[in-house]
Amino acid sequence: MSSIKKIIKRFSLLVMAVMALALMVTGCSKSEPTEASKPVTITFWHTHNAQETPTLEAIVKDFEAKNPNIKVELQAVPFDGGQNKFKTAAQAGNAPDVFRSECAWTPQFAALGLLAPIDDLVTAEDKADFLPVAAAAYQFKGKTYGLPQVTDALALLYNKKMFQEAGVAVPKTMDEFLAVAQKLTNKDKGQYGFAMRGDSYWVQPFVWAFGGGLIDINDLSVQINNAGSVKGLQFVIDLKDKYGVIPNEMDFANDYQNVMVGFKSGKYAMILNGPWATADLLADGEFKDANNLGIAVIPAGPEGKFGSPMGGHGFVISANTKNREAAYKLIQFVTSKENEAKFASANNLLPARKSAYDLDELKNNRIISDFKAVVEKATARPMIPEGGEIYTEFTPNYQAALAGKKTAQQAWDDVAAAWNKLLKK
Amino acid sequence: MSTLKTMSTTEGPTKLMPLKNKKIKSKKSRGLDILVHMILLVAAFASVFPLLWVLSTSFKPATEVFSNVIRFIPAHPTLDNYHYVLTFKNSIFLTWFKNSFILALLTTIISAFLAATAAYSFSRFKFKGKNTLLFSFLLAQMFPGALLIVPLYSIMKVYGLLNSYTGLVLAYSTASLPFCVMMLKGFFDTIPVELEEAARVDGLSPFGTFWKIVMPLSLPGLSVTCLFSFITAWNEFMFALTFMNGEDLYTLPVGLRIFVNQFQTDWHYMAAGAILITIPVMIVFLWAQKYLISGLTAGGTKG
Amino acid sequence: MLKKIKQTWVAYVFLAPTVLAMTAIVFYPLILGITYSFTDLDQYNMGNKFIAPSWQWVGLQNYRDLFSSMTSEFWTVALNTLIWTFTNVFFHFTIGLLLAVLLNRKIKGRAIYRMMMLIPWAVPSFVVAFSWRWMFNSEYGVINLSLLALGMNTVPWLAQKWTAMFAVIITNIWAGIPFMMITLLGGLQSIPKELYEAAEVDGAPAWQQFFQITLPLLKPVAFTATLLGTIWTFNMFNIIYLITQGGPYRQTEILVTYAYQEAFTNWHLGIASTYGVVILSFLIAFTTFYFKIAKQDEAR
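As structure tokens, this is what we get:
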């Protein structure tokens, strides 16, 4: 009997020794011992479209290979409806561990308490590497809630061939812009120097260029109806009515497609659009030869002011996650410079990390480099919880002004009134 | 008129057959037939035309989707879109198809059961609160359903019905109930009570008369309600998106939305998907219309 | 006495499953939804797993705001809704009836016709919306391109109020006819052919048979279909939302698209529910009125 007892005692000592060793070994890494050794499953909802998804899937597989105790359940969620789907689930405590959140969605999720702060997990190195405007979108009230993955901004896209033929240079100011547009407009041929959308997102650059603003993020004062903003809107209206350099008929419901088709077929010499449009533009038409696509920073206004709305997507971690650190590992991996570069090469999505642009594959990609110049100068939209809702009133009033139903001042005054009401709430 | 009434009570619903066709076709009736064909052709064309554009787009490569020229026959027709839609992500489209089909089928069965039993009550019995209850069914339809998603989500969560067929089937069934109940009630109303009373005398239970006498005579009404429930469930988007987590549980409409991106839509893929979604419904209709138009006089002879 | 009790008991048994399902899934959320209209509930104060709820009762404030702050807009939107609803239902019914009657005749290929005419109903509504939005595209849409080919001027369909209203109404009429047609077809089936035979023997012409036999006997089905059709069309936000988003500059908004914006873009659940109740009231009034007309008709 006693010998068996001895064996048991020795055996348990051995087990304890092994356990102690294991604890020591895992205790050396920064994360908690329990999280590193237990197998965990992270649910990950993403909003990538059909073309971009394979890039993400390959990256996730790579992550799982490198982190055998973390399994990732990847689910695609339609972008259209994604915000509400996350909110509804999160309000009930049912959110996925990781979610790909558009930058305008994030402040709202944070304000609702649906996200887990990650300040303690972000390394200083990473912090410095992300483009400041992009990273700022994932911070709210001084806390960090996510890492940016891709970023974008509106750029001035132009047809280089048409520019050469007319002998014009890329406009740097709004005055030059108007002159170039006029030179490139030929009503008889049905050709216009510029084409505009009836979506208020697209009028923001003009508002900023003429010294206007949207909402001041510090004191939440509404600036949309100040003198500069009105001048910006008036400029666009004049482009249509006074100078005739943009088409008169604006089919608001279909204008995104129409502007793109017109640009691709050489009907329009310049448009505003972002990097997401690259794949479509290079498919055929005037830009089948990618060298013909000119990408420039949007011209500055009379006082040298400039603006281009920044957009983008990043990853957030929900507040009800049980595996915050594993989730962070995942998002850190997906937003590494190599992986962000993969999205750039495969899908024309601009990385949010500065170092990614230095990788060879991107350095030599002319389009990416050109867009980088634009994105570096992008303007943050008001990163407030109501950041997405402001467009509800913004767009109809912009359209009304374009159609001549309201004066520029009236339109922006109405928007200001609506925003004041929105912010009080 | 009294003879007519007796006729209607003993014969039951029968197939409507214009007498004209029984005689030798006169010139006038042939002219009428031609007119009828013309109207139907125009109507059929108008019905099908928008889908023809979708069909044509589904065979176009992405570059051809938008152009200045109306082109129904693509310059470079391709099956790539269909191939892509059917095979991407390990053919998840087929999983969505399975989900949609099971959901729609279950909804149809449950709706039919709930609606028929309820309609029978309303038709045959007088009880307290009958009119109020009937009106409340209508009331349920009047408040925009989309606005109730948030409370409904919490309720579903409490019942543990999220992420399950059961939850969606119940939601869809209750959405189509008011129409189905009122439709079937109308049909049941036309079936004379004497038939049932005779059957009861013969010893049939209340449920027996319901099942064996009343239901067979209401096949046209039943097939309309079945078709309605099926299509409602098949095409529904909002509830499916909100209550189902995980792509393997998505239905076709939700899955198809993946082609709608932030700024633009992948029309060529969406068109292929849309055509694929529409075909099963056509098949279901082909099956259902057998009962819709059939001239069952069998019920009448039992009386 | 026993028979009567037994009978009512059967009624309740037959009703029980449905009433149970409706209460749990429809009536309960509906009551909740209505109570929201008396609160300032929105996404920030509704409370969730992490924040305690902090919403408050505000009585009729939402209603006052609705009627006063959008005085001119509210009535325009309400008027739009009425125009939208009644134009749609009218054409759904008349064209649906015409087609149903025609399809009821024994003609060659009617199964094929029927199937083709079912297509609009078989297509998911967002595909319908996107297809028609494309067809009405002012530059590349098939409608304008056809007009050009015929030597006419193009119409800026979705850029102006009335042309846009026309466009969305046409789309919805197209999408809604099959349902009405099939329903009425089902109703036509239950009219005994003997009635027509007897009328034929009496020498009544076709149109008289239609007005004296078909229409009256179709009334119950027609009543149900048009009543529900009205209610559904009133609340049909899909088509307008996906085609014009209520534009251009809010000119094609109907009550329910407004409500939808408040609910899903702004998550002002209190205000959205207020719209819901307003819609509910309109529809209750209409339904009551419609029932009255039907009863009067029957009495005649």
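Protein chains in written order, with my numbering: chain A, 48 to 472; chain B, 46 to 348; chain C, 119 to 418.
From the three backbone atoms N, C-alpha and C, an ideal C-beta is built for every residue, glycine too.
Only a predicted model underlies this, so the values are computations on that prediction, with no experimental measurement involved.
Interface criterion met: the Cβ of A/Thr135 is under 9 Å from a Cβ in chain B.
In the DSSP assignment, A/Thr88 is bridged to A/Lys118. In the displayed model, B/Arg75 falls within a helix according to three-state DSSP.
If you draw a straight line from the Cα of A/Met243 to the Cα of A/Leu204, it is about 12 Å long. Taking C/Ala340 as reference, the option from C/Leu178, C/Thr212, C/Gln161 and C/Leu197 with the minimal CA-CA separation is C/Thr212.
Against chain B, the CB of C/Trp252 has a partner CB under 9 Å away; the residue lies at that interface.
With a 10 Å radius around the Cβ and a threshold of 16 neighbouring Cβ atoms, C/Ser264 comes out exposed. Following the DSSP letters along the chain, one finds B/Phe158 in no beta strand (DSSP E) but inside the alpha helix (DSSP H) bounded by residues Asp125 to Arg169.
Secondary structure of A/Gln270 (DSSP, three-state): coil. About 5 Å separates the CB atoms of B/Pro298 and C/Pro242; that is less than 8 Å, so the two are in contact. Beta bridge pairing from DSSP links A/Leu204 with A/Ile318 and A/Ile342. Scanning its chain for C-beta atoms nearer than 7 Å, with the 5 sequence neighbours on each side dropped, one finds around A/Glu408 the residues Ala388 and Ser392, in chain order. Contact annotation: the region 203-222 of chain A touches the region 306-321 of chain A, with at least three C-beta pairs closer than 8 Å. In terms of beta-carbon proximity, A/Tyr445 stays away from the interface with chain B, with every pair separated by 9 Å or more. Counting every other CB atom within 10 Å of its CB across the protein chains shown gives B/Met83 a total below 16, marking it as exposed. Sorting A/Arg147, A/Tyr445, A/Lys190 and A/Ala183 by C-alpha distance to the C-alpha of A/Pro164 places A/Lys190 at the top. Scanning chain A for C-beta atoms nearer than 7 Å to the C-beta of C/Gly227 yields nothing, as the closest lies near 37 Å away.
Nearest CB-CB separation between A/Glu149 and chain C: not below the 9 Å threshold. Runs of the alpha helix (DSSP H) lying entirely within the region 214-267 of chain A, each at least 4 residues long, are 221-230 and 251-256 in chain order.
Closer than 7 Å at the C-beta level to chain A, one finds these residues of the region 274-289 of chain C: Pro274, Leu276 and Ala277. For A/Val308, a Cβ of chain B is located within less than 9 Å of the residue's own Cβ. Residue range Met357 to Ile364 is occupied by the beta strand (DSSP E) that includes A/Gly359. Where B/Val203 is concerned, the enclosing alpha helix (DSSP H) starts and stops at Ile194 to Tyr204.
Using a Cβ-Cβ cut-off of 9 Å, B/Ile303 counts as an interface residue toward chain A, since at least one Cβ of chain A sits closer than that to its own.
Taking a 10 Å sphere around the C-beta of A/Phe91, we find 16 or more other C-beta atoms and assign the residue as buried. Between B/Lys73 and C/Phe404, the alpha-carbon positions lie close to 44 Å from each other. By the beta-carbon neighbour count (other beta carbons within 10 angstroms, threshold 16), A/Met430 is buried. Leaving aside the five residues that flank B/Trp98 on each side, the residues in its chain whose CB is nearer than 8 Å to its CB run, in chain order, Phe117.
The Cβ-Cβ distance between A/Ala97 and B/Asp125 does not fall below 9 Å.
For A/Arg413, the enclosing alpha helix (DSSP H) begins and ends at Arg413 to Glu423. Restricting attention to C/Ile402, C/Thr406 and C/Ser391, the CA atom closest to the CA of C/Ile152 is found in C/Ser391. Contact of C/Ile152 with chain A is not assigned, every C-beta pair being separated by 9 Å or more.
When C/Val245, C/Asn163 and C/Ala277 are compared, the shortest CA-CA separation from A/Leu159 is found for C/Asn163.
Residues of chain A with a Cβ closer than 7 Å to the Cβ of B/Ala107 are, in chain order, Ala330. The beta-bridge partner set that DSSP reports for B/His82 is empty.
With respect to chain B, the C-beta atom of A/Asn141 has a partner C-beta closer than 9 Å.
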